[in-house]
Every structure is written in structure tokens, then in C-alpha cells.
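Q:
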Amino acid sequence: MNQTFSVALNQPAGQRDFSAYWDDDYTLTLRVYATDSPDDTVPLDLTGAILVFKVAQYPYSSNVVVSGQDGVFSFEGPFRGCGAREEYTIELTLAGDTTTVAYGTVVVAPRGEQYGYGCGPWGRYSTGAFIGPLQLLVDQAKVASDEAMAAAEILGPAAAEAVASAEIATNAAASATETIAALSLPNGASLIGSLQAGPGSVPRTLQSRVLDLVSIKDKGAVINGVTDDGAAITAARAVAFPAGGSVLYGGRTKAADFWANRSPLAQEWGKGLPTAYATDMDAGKPVIGGFMFNGTPATKLGYDAYFQRFDGVTQAGVDVASSVVGFYSMQSYSTNSTGNAFNKTNQVALVANASAMTATASASVEAFNAIAASAYIGPLSQMVVGIEADVSASNPPGWFGTAATAYTVAFSAVLQGIAADDATVAFSSNSSSATKTFWHGAVLAGSSKTGVTVARNGTFRPESGVWVSAATTFGVYVGAKAKHALNPGSASDYTYRPSIGIGLGQEGATSAASHKVRFISTDAASAEVNTDVYAGVGGNFRIDFGGTNRFFVASANGYVFIQGTQVLATRNVGWGVNSGTTSKAAFDTATVTLPALAQNVAALHQALRNHGLIGD
Amino acid sequence: MATISDLAKRTLQKLQVLAAGETPSAEDQELVVTKLMAVHAYLRKEDLLRWTVQDIPDYAEEPYVMMAAFLAAEDFGRVVSAANWQGGLSLIQSAVALPNTGPVRTEYF
Numbered sequence: 011m012n013q014t015f016s017v018a019l020n021q022p023a024g025q026r027d028f029s030a031y032w033d034d035d036y037t038l039t040l041r042v043y044a045t046d047s048p049d050d051t052v053p054l055d056l057t058g059a060i061l062v063f064k065v066a067q068y069p070y071s072s073n074v075v076v077s078g079q080d081g082v083f084s085f086e087g088p089f090r091g092c093g094a095r096e097e098y099t100i101e102l103t104l105a106g107d108t109t110t111v112a113y114g115t116v117v118v119a120p121r122g123e124q125y126g127y128g129c130g131p132w133g134r135y136s137t138g139a140f141i142g143p144l145q146l147l148v149d150q151a152k153v154a155s156d157e158a159m160a161a162a163e164i165l166g167p168a169a170a171e172a173v174a175s176a177e178i179a180t181n182a183a184a185s186a187t188e189t190i191a192a193l194s195l196p197n198g199a200s201l202i203g204s205l206q207a208g209p210g211s212v213p214r215t216l217q218s219r220v221l222d223l224v225s226i227k228d229k230g231a232v233i234n235g236v237t238d239d240g241a242a243i244t245a246a247r248a249v250a251f252p253a254g255g256s257v258l259y260g261g262r263t264k265a266a267d268f269w270a271n272r273s274p275l276a277q278e279w280g281k282g283l284p285t286a287y288a289t290d291m292d293a294g295k296p297v298i299g300g301f302m303f304n305g306t307p308a309t310k311l312g313y314d315a316y317f318q319r320f321d322g323v324t325q326a327g328v329d330v331a332s333s334v335v336g337f338y339s340m341q342s343y344s345t346n347s348t349g350n351a352f353n354k355t356n357q358v359a360l361v362a363n364a365s366a367m368t369a370t371a372s373a374s375v376e377a378f379n380a381i382a383a384s385a386y387i388g389p390l391s392q393m394v395v396g397i398e399a400d401v402s403a404s405n406p407p408g409w410f411g412t413a414a415t416a417y418t419v420a421f422s423a424v425l426q427g428i429a430a431d432d433a434t435v436a437f438s439s440n441s442s443s444a445t446k447t448f449w450h451g452a453v454l455a456g457s458s459k460t461g462v463t464v465a466r467n468g469t470f471r472p473e474s475g476v477w478v479s480a481a482t483t484f485g486v487y488v489g490a491k492a493k494h495a496l497n498p499g500s501a502s503d504y505t506y507r508p509s510i511g512i513g514l515g516q517e518g519a520t521s522a523a524s525h526k527v528r529f530i531s532t533d534a535a536s537a538e539v540n541t542d543v544y545a546g547v548g549g550n551f552r553i554d555f556g557g558t559n560r561f562f563v564a565s566a567n568g569y570v571f572i573q574g575t576q577v578l579a580t581r582n583v584g585w586g587v588n589s590g591t592t593s594k595a596a597f598d599t600a601t602v603t604l605p606a607l608a609q610n611v612a613a614l615h616q617a618l619r620n621h622g623l624i625g626d
Numbered sequence: 175m176a177t178i179s180d181l182a183k184r185t186l187q188k189l190q191v192l193a194a195g196e197t198p199s200a201e202d203q204e205l206v207v208t209k210l211m212a213v214h215a216y217l218r219k220e221d222l223l224r225w226t227v228q229d230i231p232d233y234a235e236e237p238y239v240m241m242a243a244f245l246a247a248e249d250f251g252r253v254v255s256a257a258n259w260q261g262g263l264s265l266i267q268s269a270v271a272l273p274n275t276g277p278v279r280t281e282y283f
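Right under this line is the structure:
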């Protein structure tokens, strides 16, 4: 005889009763579903599971290791006795967990031919003595059934639906209560999953995500600008940094140690290596990333927080193959001129600093330090704006070492002369002050070997103002208008007229167009007219005047010499103007008449006057 | 054994919503399945279940249909007697009662 049961693991153990003849071979098939739901149509694969069929008070049990989807028991009779009701259970051991999935009663039926003699080794027959009480129970059951039917007529389906709904609601409420209780525990976030969008995402718990950014509030920080939150900061860093996390601060965080009077914002990233703390140039100052620095200068002094900083620091004792580059910008403010220990002045600064650790003698040392400062100095309230690179040994900015000769490239541009008009070294200065007289485009000044060198090849050094070695057509092209208009005859024109001295070299020139020096009219009132001076073909010196430009020898003692002999001097004056007819016709000196000679002399006289060599 | 989908179709036929050979609409099917699951839950509550919803035994099929038809009648504008509910329930109760051991003879010694 065969019997098939189905049970669901999401329900309590199900009651499954069946009957069997006491001496039959019996096969019981058990199907196990995950849930008692019509959506769950396929029984669980019980391969490897262990099913145990147990009969209470009877030394009969059957273990079966399931080899397929259905667990199948095969029994060989007999049961204890015909007429007996055997209580049994079926236990399922799956993945190490043992669950009672079914229980019930086996009613062992006798066969008719066994009448009068029992039907098994432990045979037991019922007797008529039991019929009376049983009939009473049947009658009572019938009365109860009739009453139930009458009640059902009234309540009927509504009651059934209510009961069903109540059961569902009760189960849902219980489940929700358990869920809320679990999520309310300190480790509740560990029950919530998290998966970042996009490819490569790794499933994590919300608890893991929380550790990515540890707020100092998690450690009891108050963040009111008064209470010392140092202990909370230390505790937050101790948790966050070893796990690769960050620390989140508040805008009014205060601590008694290095955080005193500072108001760090946003987020702190941990140092790369533990030893970096010991070798950091500013040990103890953490890196703060933020985008706002909000303070009240009138009430707080000595702000000294790194607004945004990136350090590159090598581990102590480790040789580096290349320079370590770091960058940070710093903004500080103080109403006290000596209140800032870093630069001793009030300033707004952008500092870029790079330095290399000289672990070995061959390590290269390159550094760059640029400071853009806006400072208020003294009672004059005059602003200094400059860009400075200083590598001198006597005035090290702080991280450049001591040997100035170690630096092959240096640049310095400083605007000086705050109260006077005479800026000595400047690049691109500008002033809107009406009291200033000079606007310097660029001024180079030095005691010796100072200037600008432009060298395409070689190792030219500055020996003069400008040294040019270039393969292009024009080594230097200068085109500019003076700030002041040139006024011929004006004293100021001569005083401030710009002068340029240029030495040109010519190699293999074949065209008159090469190596020109072009003078551009600087009269602001006129259109620009060029005058080119250059070496023509064969080395001839040429001057090409443009427009009405003319050649002037301005000096009172100016003369023109050719091969050491004066050929032109100032105009010879005192000559009168001839009257009568002039003639340029040729004549024979043997036969010329006096009138014809006089006419020819008058023509020559007029030509010299027209060329300006003679005059009144 | 029958599935819930089979019983849903039979319930709709019993309600004369569905003629023989017709296929129920998804909405009707879903509604009747809900009623059948309500019957299932009620039987569990009454400790009368001896099966799972995937394997409703033959003797329980018609009681399910009767009881679900009674629950769903109003939704389809039909009138079904409450006797269907009680009758189905009685059939279930009877079916799951412990089996009789058969006639018992007097034992003589």
C-alpha cells in the first residue's frame, strides 16, 4: 500500500493520519515544499537529507537517506497490533538542521481472517465495552456539529474570511514586530544590505557602509564650539583609519590639543602610513578636506587650519627614486601682526611646496615655492601683491635646505617701493593710484650678470640686458606704445623716451627681408609708420623709411663722414636768391658767353638750395 | 490531486461565471485563488489541514470548490447558499477524522 504526504517548511509540523493493515508492506512518500503557497510548485530537492520515521513506544524506526526529490519510506510490516493507533513523527535533517515535518496516527487495521486470534505479535483487540462511551462521544459531537452549523449559517463566510484575515494579519504583525526589534538593536544596520550601482559593485551591509565615514558624534562629540571634543575625535580616528574610513567633523568642533581654536570642517582622511605621522613636516596636524572656512575674525584669533592640503611624505629611512611632491593651500587670518606663527604676518596665502628627501647623496633636489600674498603691513594699509620664489640661503622659506647653489633654476619677481614711485624689480605692475607716476611693464635690474637669456642651444649666460640666440627670422620683435605720447620738442619726451640697444648677427643672408630692426612710430596721435634698418644683400646697410619719415642728425656738431672725410655738415647760410633766367644746358668753356654761364650758375645755386645745403 | 488553478476554474464554473471550455480572465482567476487560499487558511486555523496547497487530495477538491464558491459569490453577483460552506467544511472534517479500524469482533477467551 502506498501513501503520499506533502508538507511545507514554513508551516508547523503537519498532522498526517493514515491507516494500514498490520502485516502489509507499506510505502510512504513525503514531498517537502519550502512554502505552503501555490506559487511554490516544485518540491525541494532533498538529496542528501535524512528522514527518520519514528513510532512512539515502539522500537520501530526507519532512517532513510534521500537520494532524490521525494523522500520515500518503505516499511515492512507488521505494526504493533491490529486495531492499535500508533503515534508517529517524521524528522527531516537538512543541512545540519533537524525539523519535525509531520506527525500523526497510524491506524492499524486487522484483517477479517484474523478474527478471534489477534493479528500480530502484540495483538490487541478492542472490546464492546468501549462502544457505549464512544457512542456518547459521537452523540455529543453531533449536537456540537449541529450548533456549529447553525452558527455558521449566521456567521458563515464572513467569519471564515475574518479568521483567515486575522491569521494573516497576526502573522504579519508578529513578523513586523520581530523585524523592528531586530533593526532597533545596535547592530541592526548589519541586517540591511547595500549594493552600489554600476558594474563591479560588491554587496555590503549598511553597517559596513556606516564605518566608511565615522562621525565624531558617533563618539559623543557635542560640537558646540565650547566643549572639548578631543576624546571623541581620537576615538573616531581610531575606528575609522585602520579600516580605511574617514572621519566627519562638525563646523564648530573644538578640542583642547592641536584642535584648539580651530574649526575644522567636513572630512578627515587618514595618513597613508602609520609612520607618516612621525615624519610629517607638521606632525600632529591632520589633513582636512573642506570647501568652506567660516570664522569670525573679530572674536577669534589665530585661525591656523589647513583649508585643503595634500602631503607627499616618504617613509623614514626609505630611498626615493624621484621627488616627493606635495601641495597644500593655506588660508589664515589674524588681527594681530605676530599672531600667526607660520609667517609672522597677516596673510592670505597659496603655498605650493615640493621637496625631496635626501636619503642618498644622488637624490635630486628640486623645489618650487610660490607664495601669493595679500598682506596688510603697518598703518599705511598699502597692499603688496607679489609672486615670489626664493631659494637663497639667507632667507629660506622653510623647506628648501640651505645651499643656494643646489638650485639651477631660480625665478624672482618682487614689486617693491611701497611708499615711493621707484619700483626696483617688477613684473607686470599696475596701479590705479592717481599719485603714482610710473607704470612699469617690466624692469630688470642687477649689479652684475643680471638679465634675460633666450638661448635655443648652448649655455649662454646673461652678460647684458637681453641676449638672443635664435634661428627664427626675428630674434626679438618689439612693438609698443609709450604710456606718454611723444611730443617733439617737449622736455619730458626726451627724458622718458624709451631706448633699445640691439646687436644683430647675419649668417648667409640672401634676402633684404632678413634681420630687420623695425622702429614703429610711437606717436599715439598718428597711425603707426615703420622704419626698417637692416643689412641688405651683400652687406649693404639700408634704411627704409615709411610714410614721411626722415633722417635726422640732431646734434649741433653732427656731420656725415665717408672714409674719414667729412662730406656733409650743417647748412651753409648767407646766400641770396638769384633773379633772372636759369639754365641747366651744357656749354663749351671755350666759347661760352657770360649770360649763359650766369644762367648755369644760378641753376646750380637753386639746386643746392633745394637740397638744403645752402640757404639764406 | 488538483492545483489551485484547477480548483479556481472549477469554482468559476460552479458560479456559472465560466462556461465549459472557457478560460478565466486573469482578474477572475486571481480573485478566486484568493478565496481558495482563504479556505485553506481557515482549514489550517481549524487544524483540519492534512496537506499542502500544492497537493490538495481528491477528497478535498470539491469541498474547496464549494466553500470558495460561497466566499466569491457576492463578488460575482451570484447567490450561493451557506450550505455550500457548511457542507464543504463537514466533508473536510469527515475526511480528516481518524480512519475507522473496521468492525471489531468480540474477543473470547
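Keeping their order, the protein sequence lines are chains A and C.
Reminder that position 203 of the first sequence reads as 213 in this note's numbering, one-by-one numbering, no gaps.
Reminder that position 97 of the second sequence reads as 271 in this note's numbering, one-by-one numbering, no gaps.
For glycine and all other residues, C-beta sits at the position ideal for the given N, C-alpha and C.
None of these values were measured; they are calculated from a predicted model.
List the residues of chain C that A:I178 touches, going by C-beta distances under 8 Å, in chain order.
A: By Cβ distance, chain C contributes A215.
Q: Could you work out which residues of chain A lie near C:K219, taking near to mean beta carbons separated by less than 8 Å?
A: Within chain A, the residues near C:K219 are V173, A174 and E177.
Q: Quick one: measure Cβ to Cβ for C:L192 and C:Y238, integer angstroms, because I've assumed they're closer than 8 Å.
A: Contact doesn't hold; Cβ gap of about 16 Å is too wide.
Q: Under 8 Å Cβ to Cβ from A:G590, same chain only, skipping five residues before and after it: list those, please.
A: So the qualifying residues of the chain are A608, Q609 and A612.
Q: From C:R218 to C:E196, what distance separates their C-alpha atoms?
A: Rounded to the nearest angstrom, the two C-alpha atoms are 32 Å apart.
Q: Check whether the Cβ of A:F63 lies closer than 9 Å to any Cβ atom in chain C.
A: It does not; no Cβ of chain C falls within 9 Å.
Q: Within the chosen definition, does the region 205 to 218 of chain A reach the region 184 to 195 of chain A through at least 3 CB pairs nearer than 8 Å?
A: With the cut-off at 8 Å, the region 205 to 218 of chain A and the region 184 to 195 of chain A do not touch.
Q: By how many angstroms is the C-alpha of A:F28 removed from the C-alpha of C:E236?
A: Cα to Cα, C:E236 sits roughly 21 Å from A:F28.
Q: Go ahead and pull the three-state DSSP assignment for A:D554.
A: Strand, per DSSP.
Q: Distance, Cα to Cα, A:R214 vs A:L104?
A: Between A:R214 and A:L104, the C-alpha separation is close to 28 Å.
Q: Compare the Cα-Cα distances from C:N258 to each of C:A271, C:T208, C:H214 and C:K188 and report the closest residue.
A: Selected option, being the one with the closest Cα: C:K188.
Q: Please list the partners that C:A234 has in chain A, where partner means a Cβ-to-Cβ separation under 7 Å.
A: Within chain A, no residue comes near C:A234; the closest Cβ sits about 12 Å away, beyond 7 Å.
Q: Under 8 Å: does the beta carbon of A:R619 sit that close to some heavy atom of the ligand GTP?
A: Ligands are entirely absent from the displayed structure, and the ligand GTP is therefore not among its contents.
Q: Rounded to a whole number of angstroms, what is the C-alpha to C-alpha distance between A:A596 and A:G557?
A: The straight-line gap from Cα to Cα measures roughly 36 Å.
Q: For A:S47, go through chain C and note every residue whose CB falls closer than 7 Å to its CB, in chain order.
A: Those are V227, listed as they occur along chain C.
Q: Applying a beta-carbon distance threshold of less than 9 Å, which residues of chain A neighbour C:T177?
A: Neighbours of C:T177 on chain A, chain order: P48 and T51.
Q: Is DSSP giving C:A176 helix, strand or coil here?
A: Strand at C:A176.
Q: Do you know whose CA, among A:P48, A:G58, A:E96 and A:P22, lies nearest A:A30's CA?
A: The candidate whose alpha carbon is nearest that of A:A30 is A:E96.
Q: Which residues bound the alpha helix (DSSP H) around C:Y233?
A: Counting along the chain, the alpha helix (DSSP H) containing C:Y233 begins and ends at D232 to A246.
Q: Do A:L38 and A:K12 have their beta-carbon atoms positioned less than 9 Å apart in this structure?
A: As written in the sequence, residue 12 of chain A is Asn, which differs from the Lys given in the question. Yes, the Cβ-Cβ distance between A:N12 and A:L38 is below 9 Å.
Q: For the beta strand (DSSP E) containing C:Y216, name the first residue and the last one.
A: No beta strand (DSSP E) holds C:Y216; the alpha helix (DSSP H) holding it covers A200 to K219.
Q: List the residues of chain C whose Cβ lies closer than 7 Å to the Cβ of A:S185, in chain order.
A: Under the 7 Å cutoff, chain C gives no residues; its nearest Cβ is about 16 Å from A:S185.
Q: Can C:T177 and A:T51 be called in contact, C-beta distance under 9 Å?
A: Yes, Cβ-Cβ distance for C:T177 and A:T51 is below 9 Å.
Q: When the Cα atoms are used, what is the spatial distance from A:G586 to A:V527?
A: Approximately 42 Å, taken between the alpha carbons.
Q: My output table needs one value for C:R252: the three-state DSSP class, helix, strand or coil.
A: Residue state, collapsed to three classes: coil.
Q: Taking all protein chains shown into account, decide if C:G262 is buried (16 or more other Cβ within 10 angstroms of its Cβ) or exposed.
A: Classification for C:G262: buried.
Q: So is A:E97 in contact with chain C if we call contact Cβ pairs under 9 Å?
A: It does not; no Cβ of chain C falls within 9 Å.
Q: By the criterion of Cβ-Cβ separation under 9 Å, what are the contact partners of C:Q223 in chain A?
A: It should be noted that the sequence gives Leu, not Gln, for residue 223 of chain C. Residues of chain A passing the Cβ test: Q21, G24, Q25 and D46.
Q: Indicate the three-state DSSP secondary structure (helix, strand or coil) for A:N610 in the structure shown.
A: In the structure shown, A:N610 sits in a helix (DSSP, three-state: H, G or I).
Q: Run through chain A and tell me which residues come within less than 9 Å of C:V207, C-beta to C-beta.
A: Near C:V207 (Cβ distances below 9 Å), the residues of chain A are P48.
Q: Looking at C-alpha atoms only, which residue of A:Y43, A:N20, A:F571 and A:D80 is the closest neighbour of A:G58?
A: Nearest C-alpha to A:G58: A:D80.
Q: Go to A:I243, then tell me how far its alpha helix (DSSP H) extends in each direction, as first and last residue.
A: Per DSSP, A:I243 belongs to the alpha helix (DSSP H) from G240 to A250.
Q: Can you tell me where the beta strand (DSSP E) with A:Q576 in it begins and where it stops?
A: Counting along the chain, the beta strand (DSSP E) containing A:Q576 begins and ends at T575 to L578.
Q: Counting only Cβ-Cβ distances shorter than 7 Å, please list the residues of the region 237 to 261 of chain C near chain A, keeping chain order.
A: If the cut-off is 7 Å between Cβ atoms, the region 237 to 261 of chain C has F244, L245, A256, W259 and Q260 near chain A.
Q: Please decide whether A:V82 counts as near chain C, where near means a Cβ-Cβ distance under 9 Å.
A: It does not: the Cβ of A:V82 has no partner Cβ on chain C nearer than 9 Å.
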